[in-house]
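Undergrad: Sharing a structure below in structure tokens format, with a few things to ask.
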Amino acid sequence: MSSSEVLAGEAEGNGGIMGQQKNLEGYVGFANLPNQVYRKSVKRGFEFTLMVVGESGLGKSTLINSLFLTDLYSPEYPGPSHRIKKTVQVEQSQVLIKEGGVHLLLTIVDTPGFGDAVDNSNCWQPVTDYIDNKFEDFLNSESRVNRRLMPDSRVHCCLYFIAPSGHGLKPLDIEFMKRLHEKVNVIPLIAKADTMTPEECQQFKKQIMKEIHEHKIKIYDFPETDNEEEMKMIRKIKDRLPLAVVGSNTIIEVNGKRVRGRQYPWGVAEVENGDHCDFTILRNMLIRTHMQDLKDVTNNVHYENYRSRKLAAVTYNGVDNNKNKGQLTKSPLAQMEEERREHVAKMKKMEQEMEQVFDMKVKEKIQKLQDSEVELQKRHEQMKKNLQAQYKELEEKRRQFEEEVNTWETHQRILEQQKLELNRTIDKGKKKKIF
Amino acid sequence: MASRDNEEKRNLSLGGHVGFDSLPDQLVSKSVTQGFCFNILCVGETGIGKSTLMNTLFNTMFENEEASHYQNGVYLRPRTYDLQESNVHLKLTIVDTVGFGDQINKEDSYKPIVDYIDTQFENYLQEELKIKRSLFNYHDTRIHICLYFIAPTGHSLKSLDLVTMKKLDSKVNIIPIIAKADTISKSELHKFKIKIMSELVSNGVQIYQFPTDDEAVSEINASMNAHLPFAVVGSVEEVKVGNKTVRARQYPWGVVQVENESHCDFVKLREMLIRVNMEDLREQTHARHYELYRRCKLEEMGFKDTDPDSQPFSLQETYEAKRKEFLGDLQRKEEEMRQMFVNKVKETEAELKEKERELHEKFEQLKRMHQDEKRKVEEKRKELEDEMNAFNRRKVACETLSSQPLKKDKDKKK
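From first to last, the protein sequence lines stand for chains C and F. The working numbering numbers the first residue of the first sequence as 4 and each following residue consecutively. The working numbering numbers the first residue of the second sequence as 105 and each following residue consecutively.
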């Protein structure tokens, strides 16, 4: 992702929401806004972290001193080539420099021991670790609840020094750049350019750029601008990549002028002479025109890549990554929110199902109870009926019995009556006979 | 892998012109290319002159329908415009509060305003928290300034004003302004301003202070702070005064010129708001008001910066902890629901058992009753049987008896 892609988005301006175009009929004054921004930025001060990587003795310290016209590296603070280490170290030094009211906190990160061992496998590991650690620090301080001023110690630019063999890139060069081109802005430089003639240099540069393209290494690319003049300059710079530089700590007098240069028996190689080397181009590009862009690309591209990879790992811990590929726009919190919503829906469904089963079971039970009640009731009715029938039968029997009794008694009475009457008659007869 | 972290920062002097003094220019040119964003919220009663003031401030006619007084509630109407002045592009959003102060019950009038401001913060926060985000491309809708329009009664602030400003002062930069200032005389205005400021102070309302830490503008800002609240007059009509045509309001007794500093504070407002402090307003919104919102929101969600042992959390740890907590929470909820069901089932089972028992009891009782009845019937039957037996015996006895005499008679007759 080159910085030009980044800026294409920026030029669209503020997220793409189009407001109504309005023409002003008089001076309002917000054209003063840039001045306000200027003042505030000067007040805040600036920071820049520059990393220099390359084998010992390639002139890295000298170049840094020449670039910033100061003794960053000195006998008290020796450069990386003088600090011989057994393994690759990554070390930083910070200096405060002021110019024209502008304060710059410059951090130079160097890598003593890089490429100097016999076996240089993984010598880039400490470097990538360092860069990632700085990203991690920034990510953590950006994510705190209480955020204070966030110091930006991320590496904004990496100058990679290529030895002037004149043939091509070494395997270590290729490997290193491949490992770092997606973490930091890589600017490859041909060191000690005064050991090659202009033609050799031209050839060397062509070869290097060819190999860079072959291996798909993405070195720092200049952003497109609308300004025609600027674009012309940028194209000129691009033609001369990678920049071949010469550095010097000594000032020599040449034709009455005091210049930085290297004195040889056959002449002086001037550092700031465009015909002698590309130092001026480097300085102008790195410091005077593109320093801010280097910071922006680090922030908007390299850091964001790191961050999204880190957060994706945290969010989708344990979840199948394939099905989530299209959802990387969510924050881990939004992801949790969605999971929560899913869970609520699942619980609701579960609740409903349980409710259903429960209701059904209850219904069943109640139905059984009812049936049993009905059954019992029926039986009870049946028994009652039986009893009633028995009662009735009994009643009937009694009635019959009583009727029988009545009849018999009546009959008896009649008999009795008859007997009585008979007896009376007999008695009467008897009485008659006697007479 | 060591890094010399505790090294002192050395101050070095330069042996020539390096060129990083162009850094502010590089930064400025970047931001000019990107364009700027500015969002103004106008809070004030219907008809107090919000739209007119915006038109006057920006020298353009933003279209506005006049609002009626019969809105049910307060609602916010944002409108976005693209303006350009020399090479500076400004995306200006003006948010109007429609219906403010019109309802009979104004207790909740401030709520839609606070909600709108919070929503813009929330949108920004969501973008900031996304995994794949594009902040540099983001259309910032957060409110940078709230112009609070005070009615020119000449007496004091209304309670609605105090309540609203108190609710807003921790969320947005507030500049109070006295609207329609051409209805107040100079002496009344002076007293009015003092009264307003003292009421604001005594009620603890934090209004925006023009910054005095930058030497370039500290003097002018300090003097302007003393003129708050600004008494403004807005007008888009032009009146000829002398040999100039100026924006003004024409009265029978004179012409009130908008840009005349002895007539009103319009020029001061424009100076402060646009020409001097626009960037500071944007910065304060981001660095203070937004951070406060963000902090509260994150704390609400349970994020902390340090664990109980005061070890700072890394982002990864924080998210992982949050996630564990979250999953635990979900699990717990599931358990709770299951438990609730188990209880429900137990309860209902007990109920139904009870019912079953009652039913059985009822039928036991009926059975007993039935047994009773049966017994009674048996008794009665027995009774009847006894009676029948007794009767039969009687019958037999009688018959035996009655048959004898008849035999005697028969014998006699012979």
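From the three backbone atoms N, C-alpha and C, an ideal C-beta is built for every residue, glycine too.
Where do the N-terminal and C-terminal ends of the alpha helix (DSSP H) with D219 (chain F) fall, by residue?
TA: That run of the alpha helix (DSSP H) goes 214-233.
Undergrad: Closer than 7 Å, Cβ to any Cβ of chain C: which residues of the segment 452-480 of chain F, in chain order?
TA: So the list reads T452, L456, K459, E460, L463, F467, L470, H474, E477, K478, given in the order they occur along the chain.
Undergrad: Considering Cα atoms alone, identify which of F:H367, F:N176, F:E440, F:Y179 is closest to E354 (chain C).
TA: Comparing Cα-Cα distances from E354 (chain C) to each of F:H367, F:N176, F:E440, F:Y179, the minimum goes to F:E440.
Undergrad: Identify the residues that DSSP records as bridge partners of S96 (chain C): which are they?
TA: Looking at the DSSP assignment, S96 (chain C) forms a beta bridge with C:I111.
Undergrad: Kindly indicate which three-state DSSP category P245 (chain C) falls into: helix, strand or coil?
TA: The answer is coil: DSSP assigns P245 (chain C) none of H, G, I, E or B.
Undergrad: In angstroms with no decimal places, state the Cα-to-Cα distance between M328 (chain F) and L118 (chain F).
TA: Straight-line Cα distance between these residues: approximately 40 Å.
Undergrad: Our contact map puts R265 (chain C) next to I254 (chain C) with C-beta atoms below 8 Å; I'd like the distance itself, whole angstroms only.
TA: Incorrect: roughly 11 Å between the Cβ atoms, too far for contact.
Undergrad: By DSSP's criteria, R261 (chain C) is part of a beta bridge. Which residues make up the other side?
TA: R261 (chain C) pairs with C:E256.
Undergrad: Provide the residue span of the alpha helix (DSSP H) that contains F166 (chain F), from first to last.
TA: Run containing F166 (chain F): none; DSSP gives neither H nor E here.
Undergrad: Starting from K262 (chain F), trace the beta strand (DSSP E) both ways and give me its first and last residue.
TA: Run containing K262 (chain F): none; DSSP gives neither H nor E here.
Undergrad: Under 7 Å Cβ-Cβ, which residues of chain F neighbour N35 (chain C)?
TA: Going along chain F in sequence order, the residues near N35 (chain C) (Cβ under 7 Å) are R379.
Undergrad: Below 8 Å on the Cβ atoms is my guess for D281 (chain C) versus R343 (chain C); work out the distance and round it to an integer in Å.
TA: So it is not a contact: roughly 58 Å between Cβ atoms.
Undergrad: In chain F, which residues lie with their C-beta within 9 Å of the C-beta of G60 (chain C)?
TA: In chain order: nothing, as chain F lies at least about 22 Å away.
Undergrad: Rounded to whole angstroms, what is the Cα-Cα separation between S77 (chain C) and T131 (chain C)?
TA: Cα to Cα, S77 (chain C) sits roughly 27 Å from T131 (chain C).
Undergrad: Answer yes or no: does any C-beta atom of chain F fall closer than 8 Å to that of E384 (chain C)?
TA: No - not a single Cβ of chain F is within 8 Å of the one on E384 (chain C).
Undergrad: Quick one: list the residues of chain C neighbouring A320 (chain F), beta-carbon separation under 8 Å, in chain order.
TA: Ordered by position in chain C, the residues that pass the 8 Å Cβ test against A320 (chain F) are R42.
Undergrad: Let me know if Q92 (chain C) comes out buried or exposed under the rule of 16 or more other beta-carbons within 10 Å of its beta-carbon.
TA: So Q92 (chain C) counts as buried.
Undergrad: How about F71 (chain C) and H159 (chain C): are their beta carbons less than 8 Å apart?
TA: No.
Undergrad: Who are the neighbours of M492 (chain F) on chain C, taking C-beta pairs under 8 Å?
TA: Correct list: F404.
Undergrad: Taking contact to mean 3 or more Cβ pairs, one atom from each stretch, closer than 8 Å, check whether the segment 109-123 of chain C and the segment 78-88 of chain C are in contact.
TA: At 8 Å Cβ cutoff, the stretches touch.
Undergrad: Can you tell me which of the three DSSP states D323 (chain C) falls into?
TA: Residue placement at D323 (chain C) is poorly supported in this model, since its pLDDT is 43, which falls under 50; the coordinates are not used for a value here.
Undergrad: What residues from chain C crowd round P502 (chain F), counting only those whose CB sits closer than 8 Å?
TA: The sequence given here places Cys at residue 502 (chain F); Pro does not occur at that position. Those within 8 Å of C502 (chain F) in chain C are Q415.
Undergrad: How should V199 (chain F) be labelled, buried or exposed, when 16 other C-beta atoms within 10 angstroms of its C-beta is the threshold for buried?
TA: Its Cβ being crowded by 16 or more others within 10 Å, V199 (chain F) is buried.
Undergrad: Using a beta-carbon distance cut-off of less than 7 Å, what residues from the segment 285-312 of chain F approach chain C?
TA: Cβ contacts with chain C come from no residue of the segment 285-312 of chain F.
Undergrad: Runs of 3 residues minimum, wholly inside the segment 44-78 of chain C: which ones carry the beta strand (DSSP E) assignment?
TA: Correct list: 49-56.
Undergrad: Near F334 (chain F), what residues of its chain come up, given a Cβ to Cβ distance below 6 Å and the 5 sequence neighbours on each side ignored?
TA: The answer, listed in chain order, is I281, D369, K372, L373.
Undergrad: To the nearest angstrom, how far is the alpha carbon of D176 (chain C) from that of I165 (chain C)?
TA: If you take the alpha carbons of D176 (chain C) and I165 (chain C), they lie about 7 Å apart.
Undergrad: Does the beta-carbon of N188 (chain C) have 16 or more other beta-carbons within 10 angstroms, so that it is buried, or is it exposed?
TA: Classification of N188 (chain C): buried, given that the 10 Å Cβ count is 16 or more.
Undergrad: Check whether the Cβ of D200 (chain F) lies closer than 8 Å to any Cβ atom in chain C.
TA: No - not a single Cβ of chain C is within 8 Å of the one on D200 (chain F).
Undergrad: Just to confirm before moving on: does the CB-CB distance between N168 (chain F) and S155 (chain F) stay below 8 Å?
TA: Against a cut-off of 8 Å, the Cβ pair of S155 (chain F) and N168 (chain F) comes out as a contact.
Undergrad: Taking I378 (chain F) as the reference, which of C:N38, C:E28, C:Q23 has the closest Cα?
TA: Closest by alpha carbon: C:N38.
Undergrad: Taking the straight line between their C-alpha atoms, what separation do you get for K270 (chain F) and G148 (chain F)?
TA: Cα to Cα, K270 (chain F) sits roughly 15 Å from G148 (chain F).
Undergrad: Could you check where the beta strand (DSSP E) with H193 (chain F) kicks off and where it finishes?
TA: 192-202 is the extent of the beta strand (DSSP E) around H193 (chain F).
Undergrad: For a test of the three-state rule: what should DSSP assign to S414 (chain F), helix, strand or coil?
TA: Any answer about S414 (chain F) is weak, because its pLDDT of 46 lies below 50 and its placement is not dependable; what the coordinates show is given next. In this structure, S414 (chain F) counts as coil in the three-state DSSP scheme.
Undergrad: Can you find the residues in the same chain that come closer than 6 Å, C-beta to C-beta, to S144 (chain C), ignoring five residues on each side of it along the sequence?
TA: Same-chain partners within the cutoff: M153.
Undergrad: For Q443 (chain F) and Q370 (chain C), what's the separation of their Cα atoms in angstroms?
TA: Cα to Cα, the separation comes out at about 26 Å.
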